[in-house]
Structure formats: C-alpha cells, structure tokens
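For the record, the sequence lines run as chains A and B.
Going by numbering that gives the first Met the number 0, 109 is the number at position 110 of the first sequence; the sequence numbering is gapless.
Going by numbering that gives the first Met the number 0, 323 is the number at position 324 of the second sequence; the sequence numbering is gapless.
Glycine included, each C-beta is placed from N, C-alpha and C at the ideal position.
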Amino acid sequence: MSSIPEDLSYTKEHEWLAGLDDGMTVTVGITAHAAEQLGDVVYVQVPEVGATVTAGDAVGEVESTKSVSDIFSPVDGEVVETNPAVVDDPSLVNSDPYGEGWLFRVRIEHEPDEVLSAAEYGAFISGES
Amino acid sequence: MTEGEDALIRPFRGASAIMSRSTPLREVHESLGATLTDFAGWLMPLRYGSESAEHDAVRTAAGLFDLSHMGEIFVTGPRAGEALDYALVGRLSTLGPGRARYTMMVNEVGGILDDLIVYRLGDEEFMVVANAANAPMVARELTERAQPSGAVVEDRSDDYALIAVQGPRSVEILRGLTEGGAAAELDGLKYYAIIPGTVAGVSALIARTGYTGEDGFELFVRPQDAAPLWQALSEAGKETGLTPAGLSSRDTLRLEAGMPLYGNELTTETTPFDAGLGRVVRFDKPGDFVGRAALAKIAQHETGTEETGAEETGASRRLVGLVARGRRVPRHGYPVTRGGEVVGEVTSGAPSRSLGRPIALAYISRTAAESGDGLAVDIRGAQEPVDIVDLPFYRRSK
C-alpha cells in the first residue's frame, strides 16, 4: 500500500492538497497511489502562473511511458506558483510525490466543496481495486 | 487526476483476473511485486518496478522476460516445408535445420494476419511462433492451408512456456547454466538459430532470437520447468544486473529497435509492403502461396519507376520513424498532419530512453514521406512538430 500522509486532503482524481487549513493558498500534487499506477512519469504540463482555474477543469497533463492523463484543478482560484523542478525532472512525481513532486499552487477564493481525508482516500482507493 | 482516454495499458486489478489466462510464472511475478495487466487474454507482468530501469537494464546488462503467452504451432511431415511455403509469404522449405526466419501470414488480398518466427527443428519439423492473440487463428489457417500437403499441424502452445533473456550480457548469464553439447555451442550460436539443450537442469529449446534490438536468447521449456528455470536464471544473473522486465519495457525496446507490433503497425488492413517489409515476401519460391497474386500486383508498382496510380495500386503509404521536437509523446491513433491536413496516423509511440525524446512509428502518405518537411503530430489538439528519421531509432553496437 502506498503512503497517504495524514495531514493532507485528497480528491477522487488522485490529487493531494496541502495548506487548506492554513489559509488561502493550497499546494496540489499527485498521490503516491496514482504515481504507482501511472508508472514512470516522463512529462508534466502545469498551468500558467496567473491562470484562473475552476474546480474540475483540466489544467495540465501528466504522461508516463504508457499513458497520458489530465490534471484537474481541485479548487477555484488563481494559479500563483508552479514547480519548475517537476517540469525539468518529471520523475520527481514518482520519487517524491508529496514533496519535490508537487505541481502547482492556487490562491483559492473559498474552500473546495468536496475533499477527502487520508482515511477516506485510503478507503476510496481500496474500493477502486 | 483522471486517466485520459488514451491510456494504452491499464494496470490490472481485481476480480476480472479470472477472465484472463495465467502463465506458469504468475506466482513468481506476484512475489516480485509486478503490476499485472491483461494482454491478449493473458495476465502478464506490465512492470516490476520502474519500466525505465527495466529498459535500461536490457540495453546495458540483461532483462528476464516471461513470454509464455506466445503460441507454438508445430508443422511436421515430409512435406512440411512445402506446406509452409504455400501458407506463408516466406520461403521456409530452404531454411536449414536449426535456423529461424521472420515471416508473415497474409490473407488472399495480402493483408497481414500475423507476423511469425518459424524455427526449423528438424528436416520434417517446424515450430511456428505466433502472437498470443492470433495463435488459435494461425493454427486454424495453417491446418487448412497445409491440408493438400498432408503435413500435420498441431497447436502446442499449452506445452510450452517461454522465457527470454535479452541484453548484451545474456550469453554470460546463460553460459554458466547450460550443460552438455549446447554449452559448447552457445557462444557460437548464430542470431536466428536454435539448438536443443539443458539449461539449469531443464530441457529447453535455446533460440538466439528476440524482440528488443539486443543480443539475447529465448528458451522454450515445459510449463512445469518455467518457475525453476526463472529462479536459476535470476540467481545466475544477480551479479550481472539481470532484471525482470515487463511488457512495458518490451514495447519501448522493440519500438526503439524499429520492430513492428501486430495490432499496431501490422493489421489485416496493411500489407508487408506498407510496413516496409516487402523483403519477407518471396516471389522467387516455386508454386503459389496465399496472397501471391495480390502482393505481386503491389510489388510491381513498388519497384516500377512509374508512380502514377500508386495511390490505388501500390503501397500508398509508408511506415516511417518520427522523432518529436518537443516532450509530449505521440501515441497510437494520433493524426499526423502537414499544413493542417491529416497525412497519416501514429501506430506506436513512446518516450525513448536511448534518444531522450519521444519517438513514434506512423503510416503517412507517400508524398508526405518523400518530402518529410513540416510534419506534426496532433497531440490532443496541438500540432507538435516531428521529423522523419531512418529506422531503427536504436541500433546496438556489435
């Protein structure tokens, strides 16, 4: 079983969100479970800084050897920062999905409607398999 | 994040496993933590860990593959060679015992039914190795096509497991495990040759063939011998860097080597000439063969200097190798465009470890292939520039 840190929030699109508790800027990345399912990530496209995003929008993509997947924004808001390191070295998504492999940060207007706790996400992925 | 519609191989999970057949090595794969996937009705290892690391291991040391899903069909009898000459596009009757040949089975109109390796095991015994998904059909077709010759066709796929050791250090790994006469012959065994022997105490047909663009061996063994042989090979290859390798790396390895995959580059809608493999069609053999008339017509236009009418009669398209200038990966089914017009379609694509860029095989129109300028692949709506390169993308140093 891949790791699911307790202090993060999750979505059914296999993304994690950090910073929801602290204020109005959240960091978004892909879960370890998703990274494992994808295999070696070879390309990551993140949204432009300054872009306005809406929860559920496809805002980027992640490609592995065998597949390509959309990255959906889990929140409404404005992209304030992206991770240049993960664009240069997409394998960070595999090696450190909750750390160096983060994707982008969004200044949110309001709390997202629906996020999962670590326990809920764990139950969700075991139900999926 | 949600997997897009383009996911080519989905990791296999859950209850539908009962729908797929398992190879004798399934428990071994599970104990190694493999991600299993359904492939051609078989539950096969997609990767064990990082598919890039598996790819690199095969290029620099060696990889260990389970290919037990492949079909083994035996054609025997005094006229077996003649039967294959009629049934397939190649000239198999002149194949020497102990040698192998890459060939194809086509239908009456020259469409490819499968690509095959035929091994001549004895004067009157041939083993035809077919792709897993096609094996029952190939066996049926061979039975029908061999009938006039009296040759006996037997699908013995269930009698064989197939383990491949591929990579520059394969011979080293196998040498220490091979016993008897085969041990002495192993180093000198030619590419596309096969000998019976004993490997790690297991009786095997040892073939120097593969699908990775590297030196390597394929070992045909009894199903009950597969797991002990796998373990012995893993043990023997530990120091050498032998790594279990799944279908994901097998696909990127064969693509770099410019080798076609049935279902992608080769289908019933393509002829050997479309695929740039016209050389496997042997018009110089005596007698008729299935597809001869149709293929001869295409070949005439291929070799003739008169280009007129090629769109209707000759191979109207070309299989080409493409290298992307950007980092997004052209994938199976994506349109190839020039100046906004669709001129072809990608059949296989992947990030290439050896080139450091995405590569693809694509069928494009003759005219687009001849000039080669201004080509792009439509990657989900964006025209990403690509260049035609000579195949293979990767060639091993001898």
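Taking the continuous alpha helix (DSSP H) assigned at residue i, which residues delimit it?
{"i": "A132(B)", "result": "That residue, A132(B), is in no alpha helix (DSSP H); it is neither H nor E in DSSP."}
{"i": "P83(A)", "result": "P83 to D87"}
{"i": "R461(B)", "result": "Outside the shown range of chain B, which is 0 to 397, sits residue 461(B), and nothing can be said about it."}
{"i": "D84(B)", "result": "A79 to A86"}
Given this structure, state the Cα-to-Cα distance separating residue i from residue j, to the nearest angstrom.
{"i": "R46(B)", "j": "P147(B)", "result": "45 Å"}
{"i": "P44(B)", "j": "P259(B)", "result": "21 Å"}
{"i": "R352(B)", "j": "R78(B)", "result": "46 Å"}
{"i": "V152(B)", "j": "G121(B)", "result": "15 Å"}
{"i": "E113(A)", "j": "L232(B)", "result": "51 Å"}
{"i": "E306(B)", "j": "A314(B)", "result": "Because E306(B) sits at a pLDDT of 47, beneath the cut-off of 50, its placement in the model cannot be relied upon, and the point is left open."}
{"i": "A274(B)", "j": "Y333(B)", "result": "18 Å"}
{"i": "I162(B)", "j": "L63(B)", "result": "7 Å"}
{"i": "G286(B)", "j": "Y85(B)", "result": "7 Å"}
{"i": "L176(B)", "j": "S51(B)", "result": "28 Å"}
{"i": "L24(B)", "j": "V58(A)", "result": "42 Å"}
{"i": "G2(A)", "j": "V92(A)", "result": "The question names Gly, yet the displayed sequence has Ser at residue 2(A). Each residue's alpha carbon lies about 14 Å from the other."}
{"i": "D76(A)", "j": "A31(A)", "result": "Residue identity differs from the one stated: residue 76(A) is Gly in this sequence, not Asp. About 25 Å."}
{"i": "F123(A)", "j": "L115(A)", "result": "9 Å"}
{"i": "G209(B)", "j": "E217(B)", "result": "7 Å"}
{"i": "Q299(B)", "j": "R291(B)", "result": "12 Å"}
{"i": "P271(B)", "j": "W101(A)", "result": "47 Å"}
{"i": "A154(A)", "j": "S125(A)", "result": "Residue 154(A) lies beyond the stretch modelled for chain A, which goes from 0 to 128, so this question has no answer here."}
{"i": "P350(B)", "j": "G277(B)", "result": "28 Å"}
{"i": "P195(B)", "j": "S202(B)", "result": "8 Å"}
{"i": "G22(A)", "j": "R324(B)", "result": "41 Å"}
{"i": "E310(B)", "j": "L294(B)", "result": "In this prediction, E310(B) has a pLDDT of 42, which is less than 50 and means its spatial position is unreliable; what the coordinates show is noted afterwards. If you take the alpha carbons of E310(B) and L294(B), they lie about 15 Å apart."}
{"i": "M136(B)", "j": "D154(B)", "result": "10 Å"}
{"i": "E81(B)", "j": "E124(B)", "result": "12 Å"}
Taking only three categories from DSSP, how would you classify residue i?
{"i": "S347(B)", "result": "strand"}
{"i": "G121(A)", "result": "helix"}
{"i": "T34(B)", "result": "strand"}
{"i": "P44(B)", "result": "strand"}
{"i": "Y191(B)", "result": "coil"}
{"i": "S148(B)", "result": "helix"}
{"i": "Y159(B)", "result": "coil"}
{"i": "M400(B)", "result": "With chain B represented from 0 up to 397, any question about residue 400(B) goes unanswered, as that position is not in the structure."}
{"i": "A368(B)", "result": "helix"}
{"i": "P384(B)", "result": "strand"}
{"i": "G109(B)", "result": "coil"}
{"i": "A309(B)", "result": "The pLDDT assigned to A309(B) is 42, lower than 50, so where the model puts this residue is not dependable; a value taken from the coordinates is nonetheless given after this. A309(B) falls in the coil class under three-state DSSP."}
{"i": "E238(B)", "result": "coil"}
{"i": "E12(A)", "result": "coil"}
{"i": "D65(B)", "result": "strand"}
{"i": "V52(A)", "result": "strand"}
{"i": "S248(B)", "result": "helix"}
{"i": "E50(B)", "result": "helix"}
{"i": "T142(B)", "result": "helix"}
{"i": "D55(B)", "result": "helix"}
{"i": "G215(B)", "result": "strand"}
{"i": "L37(A)", "result": "helix"}
{"i": "A99(B)", "result": "strand"}
Closest to residue i by C-alpha separation, out of the options, would be which residue?
{"i": "T251(B)", "options": "G97(B), R155(B), T366(B) and P357(B)", "result": "P357(B)"}
{"i": "T36(B)", "options": "M18(B), L161(B) and D154(B)", "result": "M18(B)"}
{"i": "T366(B)", "options": "V376(B), R337(B), A359(B) and G355(B)", "result": "R337(B)"}
{"i": "F288(B)", "options": "G32(B), G62(B), A61(B) and N106(B)", "result": "N106(B)"}
{"i": "A54(A)", "options": "E108(A), S72(A), V61(A) and V48(A)", "result": "S72(A)"}
{"i": "L19(A)", "options": "V78(A), G126(A) and H109(A)", "result": "H109(A)"}
{"i": "V280(B)", "options": "S51(B), L141(B), E301(B) and G95(B)", "result": "E301(B)"}
{"i": "A199(B)", "options": "I172(B), D386(B), S364(B) and L91(B)", "result": "I172(B)"}
{"i": "R317(B)", "options": "F282(B), G179(B) and L390(B)", "result": "L390(B)"}
{"i": "A132(B)", "options": "L254(B), G277(B), W41(B) and P195(B)", "result": "W41(B)"}
{"i": "A134(B)", "options": "E123(B), A145(B) and M104(B)", "result": "M104(B)"}
{"i": "V86(A)", "options": "T26(A), E5(A), G22(A) and V40(A)", "result": "V40(A)"}
{"i": "V388(B)", "options": "D377(B), A368(B), S396(B) and G32(B)", "result": "A368(B)"}
{"i": "P243(B)", "options": "R20(B), S21(B) and V27(B)", "result": "V27(B)"}
On the DSSP letters alone, give me the boundaries of the beta strand (DSSP E) that residue i sits inside.
{"i": "E62(A)", "result": "A57 to S63"}
{"i": "V105(A)", "result": "F103 to I107"}
{"i": "R337(B)", "result": "P334 to R337"}
{"i": "I29(A)", "result": "T24 to I29"}
{"i": "I205(B)", "result": "V201 to A206"}
Taking residue i and residue j to be in contact with their CB atoms under 8 Å, please state how far apart those CB atoms are, rounded to whole angstroms.
{"i": "L115(B)", "j": "A129(B)", "result": "6 Å"}
{"i": "A398(B)", "j": "A99(B)", "result": "Lying before the first or after the last residue shown, residue 398(B) is absent from chain B, which here runs from 0 to 397."}
{"i": "V57(B)", "j": "S248(B)", "result": "7 Å"}
{"i": "A183(B)", "j": "T197(B)", "result": "Between T197(B) and A183(B) the Cβ distance is about 12 Å, and since that is not below 8 Å, they are no contact."}
{"i": "V117(B)", "j": "L91(B)", "result": "5 Å"}
{"i": "Q165(B)", "j": "G215(B)", "result": "3 Å"}
{"i": "Y97(A)", "j": "L7(A)", "result": "7 Å"}
{"i": "T75(B)", "j": "G89(B)", "result": "Not quite, the Cβ-Cβ distance comes to about 18 Å (not below 8 Å), so this is no contact."}
{"i": "A145(B)", "j": "V220(B)", "result": "That pair is no contact at about 26 Å."}
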